[in-house]
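Here is the structure we will look at.
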Amino acid sequence: MSNIDFPRMQYDLHLTLRQFWRDPRLAYEELFPGAKVPKFLIITEKDVIWTPDTFFSNEKRAHRHDIDKLNLLIRIHANGTVMYSQRLSLTLSCPMYLQKYPMDQQNCVLILGSYAFTVRDIVYRWQEESAIQYHPVLNTSLPSFSLGTAETSECSSTTSTGEYSCIQTKFTLTRLFSFRFYIAQVYLPSTLLVVVSWVSFWLDRSAVPARITLGVTTLLTMTTQAAAIGNSLPPVSYIKAVDVWVTTCLAFIFATVLEFAVVSYSASSNLGK
721 MSNIDFPRMQ YDLHLTLRQF WRDPRLAYEE LFPGAKVPKF LIITEKDVIW TPDTFFSNEK
781 RAHRHDIDKL NLLIRIHANG TVMYSQRLSL TLSCPMYLQK YPMDQQNCVL ILGSYAFTVR
841 DIVYRWQEES AIQYHPVLNT SLPSFSLGTA ETSECSSTTS TGEYSCIQTK FTLTRLFSFR
901 FYIAQVYLPS TLLVVVSWVS FWLDRSAVPA RITLGVTTLL TMTTQAAAIG NSLPPVSYIK
961 AVDVWVTTCL AFIFATVLEF AVVSYSASSN LGK
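FYI, the numbering for the sequence shown is 721 to 993, going by the numbering used here.
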């Protein structure tokens with residue numbers, strides 16, 4: 721798993737997909753009863769036997785590896801059990817909910833099923849043990865997330881052409897609240913901007929250019945930072961946790977500018993009297 725893209729709400733997945741099924745027509749041990757036959761046979765052409773038309777329903781793009789040969793393995797066992805293994809790279813859609821960003825947790829799914837065969841022909845099941853296997857170092861390839869356990873389940877979809885079997889797995893991604901990416905780039909700079917804007921409280925009331933420059937500069941800088949944060953995320957209709965923080969900082973900075981305006985107006989009114 722890599723390249724978790726929030727603006728596009730998608731992620732990349734590199735996997736080896738292994739499918740097992742039993743085809744009685746391929747049970748060659750029955751052709752030679754009592755004879756010693758090979759435990760399994762390996763074939764290189766998938767078109768010579770029946771194979772399922774498995775597809776990924778939330779796939780955006782897919783690539784089958786073929787360097788320097790097609791990464792495909794078909795193993796036929798003596799009792800007719802077929803193992804169909806292939807290496808794939810996928811780009812999958814993942815609807816993300818960012819209300820708690822950047823302290824959020826996302827659930828990305830992988831859904832696969834048959835494209836044309838209904839439940840009368842194919843029913844998908846996960847392997848009972850170790851259905852999903854991934855290398856322990858996978859977490860190091862996700863610098864901003866911690867990958868939890870993969871939960872598997874079975875599902876089905878019904879359309880006008882019938883009911884189709886499918887299976888899915890859910891990957892739980894917990895965002896790492898790292899110093900570098902969030903405290904150093906979001907929270908610390910915005911906090912310092914608010915503190916700098918408060919410096920105007922200690923400036924003399926008559927230092928109008930200095931107070932206006934300080935207030936407007938910090939306000940514009942905070943607005944620029946808010947825009948940069950917004951551009952790194954998809955446009956959504958709800959409020960995110962980072963929006964609350966940024967809006968609060970903007971309110972504090974704007975309050976310092978407003979305070980100076982009120983004080984200046986009050987002072988000029990008193991002088992007029």
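Cβ atoms here follow ideal geometry from the backbone N, Cα and C, with glycine treated the same way.
Delimiting residues of the beta strand (DSSP E) encompassing residue i
i    : result
W741 : Q730 to R742
G670 : Residue 670 lies beyond the stretch modelled for the chain, which goes from 721 to 993, so this question has no answer here.
S920 : Here S920 belongs to no beta strand (DSSP E), and DSSP marks it neither H nor E.
H783 : E779 to R784
L760 : Note that residue 760 is Phe in the sequence shown here, rather than Leu. Note, F760: beta strand (DSSP E), F760 to I763.
L998 : This structure cannot settle anything about residue 998, because the visible part of the chain is limited to 721 through 993.
T774 : T774 to F776
I724 : S722 to D725
Chain-order list of residues whose beta-carbon lies under 8 Å from that of residue i (same chain, five-residue window excluded)
i    : result
I769 : D743, L746, I763, I794, I796 and V802
L862 : M721, S722, I724 and L893
P758 : A798
R728 : P954
S864 : I724, R895, L896, S898 and F901
S952 : F726 and P727
T943 : L970
Extent of the continuous alpha helix (DSSP H) to which residue i belongs
i    : result
T894 : Careful: T894 lies outside any alpha helix (DSSP H), inside the beta strand (DSSP E) at G882 to R895.
A947 : V928 to N951
Outcome for residue i when other beta-carbon atoms lying within 10 angstroms are tallied against a minimum of 16
i    : result
A948 : exposed
S910 : buried
T976 : buried
F752 : exposed
G833 : buried
L970 : buried
T938 : buried
S996 : With the chain covering only 721 through 993, there is no way to say anything about residue 996.
R784 : exposed
Q826 : buried
R781 : exposed
V966 : buried
L761 : exposed
R931 : buried
Residue closest to residue i, alpha-carbon to alpha-carbon, out of the options
i    : options                   : result
R845 : L751, A904 and Y884       : Y884
L996 : K766, A782 and E848       : One cannot answer for residue 996 here, as it falls past the ends of the chain, which runs 721 to 993.
Y854 : G868, L818 and A782       : G868
S920 : L934, L751 and V843       : L934
Q905 : Y958, L808 and A946       : A946
D788 : T774, R807 and A782       : R807
I887 : R931, Y902, I903 and I842 : I842
E779 : Q730, F726, L790 and S988 : Q730
A851 : S864, F865 and A870       : A870
S877 : V966, Y902 and A836       : A836
L923 : S873, W741, K960 and E979 : E979
Same chain, Cβ closer than 7 Å to residue i, neighbours up to 5 away in sequence not counted
i    : result
T838 : G882, E883 and Y884
E749 : V757, A798 and N799
L733 : M721, L810, L812 and L830
V962 : Y821, P822, V906 and I949
D773 : S834, Y835, A836 and F837
Cβ neighbours of residue i in the same chain (closer than 6 Å, five flanking residues each side left out)
i    : result
Q739 : Y804
S777 : I831
F972 : V914
C875 : C886 and Q888
CB contact check: residue i to chain B, cutoff 8 Å
i    : result
P753 : Going by chain labels, chain B is absent from the structure shown, which holds only one protein chain.
Any alpha helix (DSSP H) of 4 or more consecutive residues that is wholly inside the segment 806–852: none
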